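Undergrad:
Number of protein chains: 2
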Amino acid sequence: MATIKVPANTSPVQDAEALHKACKGWGTDEKAIISILGHRYSYQRKQIRQAYEELYQEDLIRRLESELSGDFEKAVYRWILEPADRDAVLANVAIKNAKKDHHVIVEIACIHSPEELLAVRRAYHNRYKRSLEEDVAVHTTGDLRKLLVALVSTFRYGGDEINARLANSEADILHDVIKDKKVNHEEVIRILSTRSKAQLLATFNHYRDDHGSSITKHLLGEPSDDFHKALRTAVRCIIDPKKYYEKVLRNAIKKIGTDEDELTRVIVTRAEKDLKDIEEVYLKRNSVPLDQAVAKDTSGDYKNFLLTLLGKED
Amino acid sequence: MATIKVPANTSPVQDAEALHKACKGWGTDEKAIISILGHRYSYQRKQIRQAYEELYQEDLIRRLESELSGDFEKAVYRWILEPADRDAVLANVAIKNAKKDHHVIVEIACIHSPEELLAVRRAYHNRYKRSLEEDVAVHTTGDLRKLLVALVSTFRYGGDEINARLANSEADILHDVIKDKKVNHEEVIRILSTRSKAQLLATFNHYRDDHGSSITKHLLGEPSDDFHKALRTAVRCIIDPKKYYEKVLRNAIKKIGTDEDELTRVIVTRAEKDLKDIEEVYLKRNSVPLDQAVAKDTSGDYKNFLLTLLGKED
């Protein structure tokens, strides 16, 4: 379930006018910006952008970029984009980031539905005039490249049918590779990047039943190079996206100084989808509500914006 | 340009009734079947199937399969399917074929536009409840698997923009690999499977300009294992699909006994697209019109059907 609260009757034209007013003259009315954009669904934000363009012959995004700054600007920019376009931007930033945010690529590839991933790849074409897999391939090497390119290129079957015999035999293949610490990861990459999610869940269940421990636990025993990190992330994203996101949030908040990029990404990308469920997982795991943890670690307009997306008003 | 001839006014219901009559009772009126289906576009054949189903509560395809036989049946079956669905069937047969028809997979991956390839992958999901890349990956190994999986999984950028500097440097990379006969084909696979077709054509042009000979010519000096065969096919399909198809037809006809599967595939898949252009290339290369060559090598209903698709009546 989503966390954002959206009023029943809204008008794109009135919203555009109010945003124009908030940006006009000296100073910016950040509160007004938050109170509008933080309470609109993706399709409504798109309508607002269109209305704004028609009314003022100006791109609302550009205007906001010039008015806002810092983490708040970044969060608003991420939020106002359509989901697939936003993910294209997130992927592109992650690809070029020296910090090696491979987990962002893996998230997009493994948490999205097959059709959603396709929409991101299409948005990537439109925005960068290149393909997502093309840029991933250029910026990575070795096994990591093989894994990431395969994950972003796949168009998994989306149905629920599973083949139990196959799940059994592929659980054994995964176990053999992990147990024997084989250098050749072809089979692991093949299984993770081509099988349907339903099939993979069945395979992971067999793994746990037949080999005494979960695949994620066994993977923790592996070296922590970039390839194995991405592999673990992929498995966790496929098994339980909400639990995965809870951990991203926990680490972002726990970190000295807070990791705003991570915090923003999870809240912005999930606020319209399942952030309510992620909040529940967070509360269970940390015994403190997510909004309280966020409020403690952030400040100013950025804090107000995130709390609005979390459905909590000041 | 297409070769089939389609009359101005047709009625799906009348066509369905005529087909029903052609299949009724003892014996089948193959001529009537050819004269209807051989003169209808893909969307019209779909309407006929729907009309037939409504009128007679029977699947037209099943009925035709039970009425017809041999190469003629196969050709009609291929022809009546929608293009993306037909390619899904062709790919599936090729994947499971012991003859190793990898070139069929490469054709579908490299000749289709990015959106057409996507439509085939979608049709593959619908028909087989698995993904195309999943089945390709299971039935191949080693470098061949890497190449084929990458080719069927790619969603290339479809625009015309090219990066000349990149074309230059990647032409050098390809040349180094081919010249030094390197075992590691990662870079060749990366370039061929992720770059846009416009970019690849620019790269191949640089290759020829800078290294004295075309990449296809240099690839002929490589070993003729399955991987290198598929690699050559991919390059040829990207450079000039019509020339590629001409050669497939030439080899199919030249072969002792004729390769009906190849002949059927090219004629059925291209009759509505560019078979007219392929005919021209064929005539230039062989000094004999394609329809004459086909007529000489085939017989009976199969021959009549192919000639109808070629726009030539008896």
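Residue numbers (this note's numbering), protein chains in the order written: chain A, 1 to 314; chain B, 1001 to 1314. All C-beta atoms, glycine included, are put in the ideal place defined by N, C-alpha and C. Owing to the predicted nature of the structure, the values given are computational and were not obtained by experimental measurement.
Counting pairs of Cβ atoms below 8 Å between the segment 113-127 of chain A and the segment 1172-1184 of chain B, do you hit three or more?
TA: Contact between the segment 113-127 of chain A and the segment 1172-1184 of chain B is absent, because fewer than three Cβ pairs lie under 8 Å.
Undergrad: Contact criterion: CB-CB distance below 7 Å. Does B/Gly-1025 meet it with respect to chain A?
TA: With 7 Å as the cut-off, B/Gly-1025 does not count as an interface residue toward chain A.
Undergrad: Check whether the Cβ atoms of A/Ala-75 and A/Thr-264 sit closer than 7 Å, and answer yes or no.
TA: Yes.
Undergrad: Of the residues B/Leu-1283, B/Asn-1092, B/Ala-1167 and B/Ala-1022, which one's Cα is nearest the Cα of B/Leu-1200?
TA: Checking every option, the nearest Cα to that of B/Leu-1200 belongs to B/Ala-1167.
Undergrad: Mind checking which residues open and close the alpha helix (DSSP H) that includes B/Pro-1012?
TA: That run of the alpha helix (DSSP H) goes 1012-1023.
Undergrad: Quick check: A/Asp-240 and A/Ala-198, are their CB atoms within less than 7 Å of each other?
TA: It is not a contact, given that the beta carbons lie outside the stated cut-off.
Undergrad: Could you name the residues of the segment 1180-1212 of chain B whose beta carbon sits closer than 7 Å to any beta carbon of chain A, in the order they occur along the chain?
TA: Those residues of the segment 1180-1212 of chain B that come within reach of chain A (Cβ to Cβ, closer than 7 Å) are Arg-1190, Thr-1194 and Arg-1195.
Undergrad: Just the C-alpha distance for B/Glu-1107 and A/Leu-249, rounded to the nearest angstrom, thanks.
TA: Taking the straight line joining both Cα atoms gives about 46 Å.
Undergrad: Under the three-state reduction of DSSP, which class applies to B/Val-1148: helix, strand or coil?
TA: Val is not the amino acid found at residue 1148 of chain B; the sequence shown has Leu there. Note: B/Leu-1148 maps to helix in three-state DSSP.
Undergrad: Check the Cβ of A/Ala-137 against every Cβ in chain B and list those closer than 7 Å, keeping chain order.
TA: Those are Arg-1190 and Thr-1194, listed as they occur along chain B.
Undergrad: If you measure beta-carbon to beta-carbon, which residues of the segment 154-176 of chain A are closer than 8 Å to chain B?
TA: Cβ contacts with chain B: Thr-154, Phe-155, Arg-156, Tyr-157, Gly-158, Gly-159 and Glu-161.
Undergrad: Run the CB neighbour count on B/Asp-1176, radius 10 Å, all protein chains shown included, and call it buried at 16 or more, exposed below.
TA: So B/Asp-1176 ends up on the exposed side.
Undergrad: Using the three-state DSSP reduction, which class does A/Glu-116 fall into: helix, strand or coil?
TA: Correct three-state label for A/Glu-116: helix.
Undergrad: Please determine, among A/Leu-19, A/Val-93 and A/Ile-36, the residue with the shortest C-alpha to C-alpha distance to A/Glu-58.
TA: Taking only the C-alpha atoms, the option nearest A/Glu-58 is A/Leu-19.
Undergrad: Which residues in chain A have a C-beta closer than 9 Å to the C-beta of B/Lys-1129? List them in chain order.
TA: Residues of chain A passing the Cβ test: Tyr-157, Gly-159, Glu-161 and Ser-196.
Undergrad: Determine whether the Cβ of A/Glu-116 lies closer than 7 Å to any Cβ atom of chain B.
TA: So no, A/Glu-116 is outside the interface.
Undergrad: Go through its chain and collect everything with a Cβ distance to A/Arg-45's Cβ below 7 Å, but skip five positions before and after it.
TA: Closer than 7 Å at Cβ, skipping near neighbours: Leu-37 and Ile-80.
Undergrad: What does the Cβ neighbour count give for A/Pro-12, buried or exposed, with the cut at 16 atoms within 10 Å?
TA: Result: buried.
Undergrad: At least one CB of chain A closer than 7 Å to the CB of B/His-1125: is that the case?
TA: Chain A contact via Cβ: present.
Undergrad: Measuring only the C-alpha atoms, how far is B/Leu-1117 from A/Ile-256?
TA: Between B/Leu-1117 and A/Ile-256, the C-alpha separation is close to 47 Å.
Undergrad: Which of the three DSSP states, helix, strand or coil, is assigned to A/Ala-171?
TA: Helix.
Undergrad: If you scan the segment 1168-1222 of chain B from start to end, which runs of the alpha helix (DSSP H) of 4 or more residues do you find wholly inside it?
TA: Segments of the alpha helix (DSSP H) lying fully in the segment 1168-1222 of chain B: 1186-1194, 1197-1211 and 1215-1220.
Undergrad: Report the residue from B/Ala-1202, B/Leu-1144 and B/Lys-1276 whose alpha carbon sits nearest the alpha carbon of B/Lys-1229.
TA: Looking at the Cα atoms, B/Leu-1144 is the closest of the given residues.
Undergrad: May I have the straight-line CA-CA distance separating B/Ser-1224 from B/Asn-1097, to the nearest angstrom?
TA: Answer to the nearest angstrom: the Cα atoms are 19 Å apart.
Undergrad: If you reduce the DSSP assignment to three classes, tell me which class A/Glu-313 lands in.
TA: Reduced to three states, the DSSP call for A/Glu-313 is coil.
Undergrad: Mind reading off the beta-carbon distance from A/His-102 to A/Asp-210? Whole number of angstroms is fine, and I expect it under 8 Å.
TA: The Cβ separation is near 30 Å, so there is no contact.
Undergrad: By Cβ distance below 6 Å, which residues in the same chain neighbour B/Leu-1192 in space, the five residues on each side in sequence not counted?
TA: Only Ala-1234 meet the Cβ criterion.
Undergrad: If you count every other CB in all the chains shown that lies within 10 Å of the CB of B/Ala-1008, and 16 or more means buried, which is it?
TA: By the 10 Å Cβ count, B/Ala-1008 comes out exposed.
Undergrad: DSSP three-state call for B/Arg-1156: helix, strand or coil?
TA: DSSP places B/Arg-1156 in coil when its eight states are reduced to three.
Undergrad: Count the other CB atoms, across all protein chains shown, that sit within 10 Å of the CB of A/Asp-180; report buried if there are 16 or more and exposed otherwise.
TA: Per the 10 Å Cβ criterion, exposed.
Undergrad: Could you tell me the boundaries of the alpha helix (DSSP H) in which B/Ser-1042 lies?
TA: B/Ser-1042 -> alpha helix (DSSP H) spans 1042-1056.
Undergrad: Can you find the residues in the same chain that come closer than 7 Å, C-beta to C-beta, to A/Tyr-245, ignoring five residues on each side of it along the sequence?
TA: Val-266, Arg-270 and Ile-278.
Undergrad: With a threshold of 7 Å between beta carbons, is A/Glu-134 in contact with chain B?
TA: True, the Cβ-Cβ gap to chain B drops below 7 Å.
Undergrad: Can you tell me the Cβ-Cβ gap for B/Tyr-1302 and B/Asp-1071, rounded? I've got them flagged as a contact below 8 Å.
TA: Going by Cβ atoms, the distance from B/Tyr-1302 to B/Asp-1071 rounds to 4 Å, so yes, they are a contact pair.
Undergrad: 7 Å is my cut-off, CB to CB: does B/Arg-1045 come that close to chain A?
TA: Chain A contact via Cβ: absent.
Undergrad: Could you give the residue range of the alpha helix (DSSP H) that holds A/Asn-251?
TA: 241-254 is the span of the alpha helix (DSSP H), which, as asked, contains A/Asn-251.
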